[in-house]
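As structure tokens, the structure follows; a few thoughts come after it.
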């Protein structure tokens, strides 16, 4: 006669070797492999790298005479860092000893919230990065003149009827608006693609577990 | 973690952690990593214990939650859940108990979904439906039906393998 699973369990764990605890190795200094701790670590590293990068670029931009680009990047990245630092605090409010459903739901909400916020921001900061780059180069100092003035001077040699608005050729402005518009439209998609590449598996696993739990809650 | 805390508050409940970690990992290396991580998280979260449940129940809850959200890194740099579907090689690696029937039961449990693994482990630990529902955060009325279904599935997997 086959033994029941309850009997296998009880009898199996009566044998002394079944519950011998593994040796702990330098536990206090171990890097956590927990998803929430990994997110915290990754967020902190990324945000610190952004702050350092933004400050360094701001300083360098003055030396290489593209201060508008440096200031633009610094302002945009500062906003990204401030918003994400606030989002990061949300992770500290997740109690790992809560019941499994609430714990996973809170984590899932946090992931979705940070994704939604960053997607919205991406639609703004991608075009702004582009505009800062264009303006940065356009107003950069080039032998006593701005690079923009130099370009216009060159262009007017070939196109004498060049129509300018605020000193910039209309055709150039149209191109800038189109590119910035495309970045605004696809900025969130670029961000989602990037995140899904790294965390797509985590998202689908969480969804799977939560929907199974929801079925049990009905 | 201070060794005092581990010896007095974790080690007496090591069996709970071991049973849960075994169900969510397929290899000895993963199991040891998970055990270590659960111990670390118990220590980090100990201040959240408010005495509303027994310490053992709290450990069940935390161990289960930690195992549900642990990511490991493969050499190829992709991240994966150690609870992911088994390969033949992993099945061989996962046979850790001297009791072959227990090994086979664990092999079968690992073929269940993450939630079902948690439910059946708590059932086998003789937790009431209410306690299981409290730990997982579900409706106790559905636990009985789910357990019956899980047991049926386990018996089907184990049929003919165990005497």
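Residue numbers (my numbering), protein chains in the order written: chain A, 6 to 223; chain B, 8 to 170.
Every residue, glycine too, gets a C-beta built ideally from N, C-alpha and C.
For residue i, would you say it is in contact with chain B, using Cβ-to-Cβ distances shorter than 8 Å as the test?
{"i": "residue 40 (chain A)", "result": "yes"}
{"i": "residue 223 (chain A)", "result": "yes"}
{"i": "residue 189 (chain A)", "result": "no"}
{"i": "residue 112 (chain A)", "result": "yes"}
{"i": "residue 218 (chain A)", "result": "yes"}
{"i": "residue 100 (chain A)", "result": "yes"}
{"i": "residue 167 (chain A)", "result": "no"}
{"i": "residue 214 (chain A)", "result": "yes"}
{"i": "residue 224 (chain A)", "result": "Any answer about residue 224 (chain A) is impossible in this case: the structure gives chain A only from 6 up to 223."}
{"i": "residue 202 (chain A)", "result": "no"}
{"i": "residue 109 (chain A)", "result": "yes"}
{"i": "residue 104 (chain A)", "result": "yes"}
Among the candidates the options, whose CA atom is the shortest distance from the CA of residue i?
{"i": "residue 138 (chain B)", "options": "B:116, B:67 and B:163", "result": "B:67"}
{"i": "residue 5 (chain A)", "options": "A:82, A:45 and A:208", "result": "Only positions 6 to 223 of chain A appear in the structure, and residue 5 (chain A) is not among them; the question remains open."}
{"i": "residue 74 (chain B)", "options": "A:90, A:198, A:37 and A:194", "result": "A:37"}
{"i": "residue 164 (chain B)", "options": "B:110, B:77, B:132 and B:133", "result": "B:110"}
{"i": "residue 117 (chain A)", "options": "A:34, A:145 and A:197", "result": "A:197"}
{"i": "residue 153 (chain A)", "options": "A:135, A:177, A:164 and A:165", "result": "A:177"}
{"i": "residue 76 (chain A)", "options": "A:85, A:62, A:26 and A:113", "result": "A:62"}
{"i": "residue 84 (chain A)", "options": "A:148, A:59, A:64 and A:213", "result": "A:59"}
{"i": "residue 32 (chain A)", "options": "B:112, B:40 and B:32", "result": "B:40"}
{"i": "residue 236 (chain A)", "options": "A:156, A:44 and A:216", "result": "An answer regarding residue 236 (chain A) cannot be provided, because it is not within the stretch 6 to 223 covered by chain A."}
{"i": "residue 33 (chain B)", "options": "B:117, B:104, B:53 and B:43", "result": "B:117"}
{"i": "residue 220 (chain B)", "options": "B:103, B:134 and B:59", "result": "No answer is possible for residue 220 (chain B): the residues shown for chain B start at 8 and end at 170."}
{"i": "residue 49 (chain A)", "options": "A:91, A:25 and A:135", "result": "A:91"}
{"i": "residue 142 (chain A)", "options": "A:186, A:181 and A:74", "result": "A:74"}
{"i": "residue 123 (chain A)", "options": "A:156, A:144 and A:88", "result": "A:88"}
{"i": "residue 115 (chain B)", "options": "B:61, B:10, B:168 and B:43", "result": "B:168"}
{"i": "residue 152 (chain B)", "options": "A:220, A:97 and A:183", "result": "A:220"}
{"i": "residue 96 (chain A)", "options": "A:78, A:47, A:212 and A:183", "result": "A:47"}
{"i": "residue 42 (chain A)", "options": "A:54, A:93 and A:28", "result": "A:93"}
{"i": "residue 59 (chain B)", "options": "B:17, B:162 and B:141", "result": "B:141"}
May I ask which residues mark the beginning and end of the alpha helix (DSSP H) holding residue i?
{"i": "residue 43 (chain A)", "result": "40-68"}
{"i": "residue 107 (chain A)", "result": "105-143"}
{"i": "residue 204 (chain A)", "result": "175-222"}
{"i": "residue 18 (chain A)", "result": "10-19"}
{"i": "residue 171 (chain B)", "result": "In this structure chain B extends from 8 to 170, so residue 171 (chain B) is not present and cannot be described."}
{"i": "residue 83 (chain A)", "result": "72-97"}
{"i": "residue 30 (chain B)", "result": "21-30"}
{"i": "residue 109 (chain B)", "result": "107-116"}
{"i": "residue 136 (chain B)", "result": "136-143"}
{"i": "residue 29 (chain A)", "result": "Per DSSP, residue 29 (chain A) belongs to no alpha helix (DSSP H) and is neither H nor E."}
{"i": "residue 64 (chain B)", "result": "62-75"}
{"i": "residue 132 (chain B)", "result": "Segment: none, residue 132 (chain B) is in no alpha helix (DSSP H) and carries neither H nor E."}
{"i": "residue 51 (chain B)", "result": "35-52"}
{"i": "residue 162 (chain A)", "result": "152-163"}
Does at least one heavy atom of the ligand FMN sit under 7 Å from the Cβ of residue i?
{"i": "residue 108 (chain B)", "result": "Looking at this structure, you won't find the ligand FMN or any other ligand, since it has none at all."}
Is there at least one Cβ from chain A nearer than 8 Å to residue i's Cβ?
{"i": "residue 33 (chain B)", "result": "no"}
{"i": "residue 78 (chain B)", "result": "yes"}
{"i": "residue 48 (chain B)", "result": "yes"}
{"i": "residue 39 (chain B)", "result": "yes"}
{"i": "residue 125 (chain B)", "result": "yes"}
{"i": "residue 122 (chain B)", "result": "yes"}
{"i": "residue 105 (chain B)", "result": "yes"}
{"i": "residue 44 (chain B)", "result": "yes"}
{"i": "residue 108 (chain B)", "result": "yes"}
{"i": "residue 158 (chain B)", "result": "yes"}
{"i": "residue 15 (chain B)", "result": "no"}
{"i": "residue 73 (chain B)", "result": "yes"}
{"i": "residue 62 (chain B)", "result": "no"}
{"i": "residue 153 (chain B)", "result": "yes"}
{"i": "residue 27 (chain B)", "result": "no"}
{"i": "residue 12 (chain B)", "result": "no"}
{"i": "residue 119 (chain B)", "result": "no"}
{"i": "residue 30 (chain B)", "result": "no"}
Query raised in the report: Using Cβ-Cβ distances below 7 Å, what residues of the stretch 116-143 of chain A are close to chain B?
Result: none
Query raised in the report: How do the stretch 68-84 of chain A and the stretch 35-52 of chain B stand: do at least 3 beta-carbon pairs fall below 8 Å, yes or no?
Result: no
Query raised in the report: Are the stretch 11-24 of chain A and the stretch 206-216 of chain A in contact at 8 Å, needing three or more beta carbon pairs?
Result: no
Query raised in the report: Given a limit of 8 Å on CB to CB distance, which residues of the stretch 8-22 of chain A reach chain B?
Result: 8, 10, 11, 13, 14, 16, 17, 18, 20 and 22
Query raised in the report: Do the stretch 169-179 of chain A and the stretch 85-103 of chain A touch if we need at least three Cβ pairs shorter than 8 Å?
Result: no
**Report entry** Residues from the stretch 130-149 of chain B in contact with chain A, defined by Cβ distance under 7 Å
**Finding:** 131, 141, 142, 143, 144, 145, 146 and 149
Query raised in the report: Should the stretch 130-137 of chain A be regarded as contacting the stretch 181-200 of chain A, the criterion being three or more beta carbon pairs within less than 8 Å?
Result: yes
Query raised in the report: Given 8 Å as the limit, is there contact between the stretch 119-135 of chain B and the stretch 8-27 of chain B, that is, 3 or more CB pairs closer than that?
Result: yes
Report task. Flag this pair as touching only if the stretch 17-26 of chain A and the stretch 15-24 of chain B have three or more C-beta atom pairs under 8 Å; answer yes or no. Result -> yes
Query raised in the report: At a Cβ cut of 9 Å, what residues of the stretch 24-48 of chain A count as close to chain B, listed as they run along the chain?
Result: 24, 25, 26, 27, 28, 29, 30, 32, 33, 35, 37, 38, 39, 40, 41, 42 and 43
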